[in-house]
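Data first, discussion second: the structure below is written as structure tokens.
Residue numbers (the numbering used here): 6 to 554.
Set out below in structure tokens:
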């Protein structure tokens, strides 16, 4: 079920209009679509069974609507929260409220709120408490440092004992005021996003923590962030998280100078230029740049996650859409060294028939064991009229392949073999659904069955496994897991609903991805099928528990 945040009626009307305009879709169709999703309908269900309400929108269009509405709802919610927080401080004006209401993106709202955000008391805050704010304002009206120093004498107190202390406090106040200006933060962020260079170096702990030099490429690494590939962003992030890399952003001197000159324009032209530059440098180095760097790094990570998840989705889709080898009797081999090669026979209908173990690795097993394995292999091939051998690509896969290739050649068998990606087979073998399917079989046998069924019907077998366990991408554990889960689940639903499922052979795991069929209903359908045999027609399906037309 898709769960999205809701807003007040007036806010939603505004959101519908914005989304309709951006996506060139009628407002009423946008509204109808979101109401269906709000009520718990899935994207595939809406795309297939509510065409008359949505105006024939496809899954991509519905997904785009959902994404934009979710963002705009979050935006409206944050605006309301920021207005409330500033109002509680007694600092909300009509003008400020209007500025917040008119903000178009979340970052703009955060920049407006930044000066009002609760934070630890700063040196500038202390200087304000000591009455130095009026002196800070004088920096914009005097002509030289001597005038400031003379004015500072009037601010000397027990807490501000010297002229130097007064001047320093005033400068701290100005530096903080600069750092809190939304227009500066926005422009500096833009410059960093466009021109900054990310640099990573080996940390002091690198030699100890990275003995295999996994991150060697990033020990002396730099690249402009707008050119940086998503996998490198995630790699640097991981290296930093593991304390192997130290990472920071850098600007070229010319870009830094642009920023300094932009801020310098707010000051008058006089003999205090060097003092103003000192204040600007302090504001940038101590207050602005550290927080902007965090924001830019977060934005960089978000971009990498979006791009990576898109790759993971494509990888999963390609795995699920592999062409099945229908009506083939399969001898499935899950290779192993010490414990031997686990073997399972799967008939052309996908039913498990028999299992055994081959000891076939010459370096680990004696000649008698290997000879026995050959005899067992030939006996099973003959008994079940095996068409193809499915070999898992894990430990001892090459030795197993050599064994199979040699025995086929020696006996001139009309037999082929395939090397199969066994990622996730062990996860499936220990899962609840595997225990339900094969309660009396050892988990090692269940793993071999999975390897065999993957070539018969990849989609039907792979939907039983958490897609992250199938190995959809190198950095899949470095991205936002909830977003990844949702995206991969949507891919499975999309593929299953496009390919379809045979109601008389499909597992409940497969049926649960069909639009309109929830997990409980899917299990009830399978249970009814076990008790009553194959379904004769669609009406009979509704005889299972909780199934409605």
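Where is the CB? At the ideal position from N, CA and C, for every residue including glycine. These figures come from a predicted structure and were not determined experimentally.
Proximity to residue i [Cα-Cα], best of the options
i, options, result
"residue 186", "418, 300, 119 and 53", "119"
"residue 394", "459, 494, 192 and 214", "459"
"residue 312", "31, 488, 388 and 451", "488"
"residue 148", "288, 77, 272 and 516", "272"
"residue 200", "299, 324, 207 and 261", "261"
"residue 419", "334, 230, 463 and 471", "334"
"residue 465", "337, 324, 535 and 412", "324"
"residue 70", "84, 54 and 39", "39"
"residue 344", "366, 357 and 353", "366"
"residue 237", "133, 310, 276 and 94", "310"
"residue 22", "64, 43, 54 and 73", "73"
"residue 82", "54, 111, 438 and 68", "111"
"residue 353", "157, 346, 336 and 363", "336"
Alpha-carbon to alpha-carbon, residue j and residue i
i, j, result
"residue 415", "residue 407", "12 Å"
"residue 192", "residue 160", "35 Å"
"residue 551", "residue 25", "37 Å"
"residue 532", "residue 521", "18 Å"
"residue 91", "residue 278", "35 Å"
"residue 359", "residue 451", "11 Å"
"residue 270", "residue 289", "15 Å"
"residue 169", "residue 153", "10 Å"
"residue 34", "residue 48", "14 Å"
"residue 32", "residue 108", "22 Å"
"residue 526", "residue 549", "8 Å"
"residue 167", "residue 219", "56 Å"
"residue 328", "residue 506", "15 Å"
"residue 511", "residue 539", "11 Å"
"residue 316", "residue 332", "32 Å"
"residue 537", "residue 508", "13 Å"
"residue 94", "residue 126", "16 Å"
"residue 124", "residue 114", "17 Å"
"residue 228", "residue 258", "16 Å"
"residue 213", "residue 399", "30 Å"
"residue 401", "residue 413", "18 Å"
"residue 17", "residue 427", "47 Å"
"residue 6", "residue 98", "At residue 6 the pLDDT is 41, less than 50, meaning the model places this residue with poor confidence; the figure from the coordinates comes in the next sentence. Looking at the two C-alpha atoms, the distance is approximately 41 Å."
"residue 55", "residue 67", "11 Å"
"residue 303", "residue 546", "49 Å"
"residue 246", "residue 208", "11 Å"
Those residues which DSSP pairs with residue i across a bridge
i, result
"residue 339", "347"
"residue 423", "395"
"residue 202", "229 and 255"
"residue 566", "This structure cannot speak to residue 566, because the chain is shown only from 6 to 554."
"residue 207", "250"
Close beta carbons around residue i, own chain, < 7 Å, minus the five adjacent residues each side
i, result
"residue 284", "176, 179 and 180"
"residue 435", "448"
"residue 528", "513"
"residue 468", "497, 501, 514, 515 and 518"
"residue 292", "180, 181 and 184"
"residue 281", "269 and 272"
"residue 431", "452"
"residue 462", "329 and 355"
"residue 105", "84, 87, 88, 114 and 117"
Test: residue i CB closer than 9 Å to a CB of chain C
i, result
"residue 411", "In the displayed structure, chain C is absent; only one protein chain is listed."
Presumed contact (8 Å Cβ cut-off) between residue i and residue j, rounded CB distance
i, j, result
"residue 498", "residue 429", "Their Cβ separation, rounded to whole angstroms, is 19 Å, which puts residue 498 and residue 429 out of contact at 8 Å."
"residue 409", "residue 396", "7 Å"
"residue 349", "residue 454", "5 Å"
"residue 197", "residue 301", "5 Å"
"residue 490", "residue 239", "Contact doesn't hold; Cβ gap of about 17 Å is too wide."
"residue 20", "residue 41", "About 16 Å separates the two Cβ atoms, so there is no contact after all."
"residue 305", "residue 202", "Incorrect: roughly 12 Å between the Cβ atoms, too far for contact."
"residue 96", "residue 121", "6 Å"
"residue 318", "residue 492", "6 Å"
8 Å Cβ shell around residue i - same chain, five flanking residues per side excluded
i, result
"residue 320", "477 and 478"
"residue 8", "For residue 8, the predicted model reports a pLDDT of 43, less than 50, meaning its position is unreliable; a value from the coordinates is still stated below. Same-chain partners within the cutoff: there are none."
"residue 423", "393, 394, 395, 396 and 460"
"residue 361", "348, 381 and 385"
"residue 276", "148, 149 and 150"
Sequence-distant residues of its chain with Cβ nearer than 6 Å to residue i (five each side left out)
i, result
"residue 369", "342"
"residue 165", "135 and 171"
"residue 443", "451"
"residue 244", "220, 223 and 250"
"residue 298", "254"
Cβ-heavy atom distance, residue i to the ligand SAH, below 8 Å
i, result
"residue 137", "What this structure holds is no ligand at all, so the ligand SAH is not there to describe."
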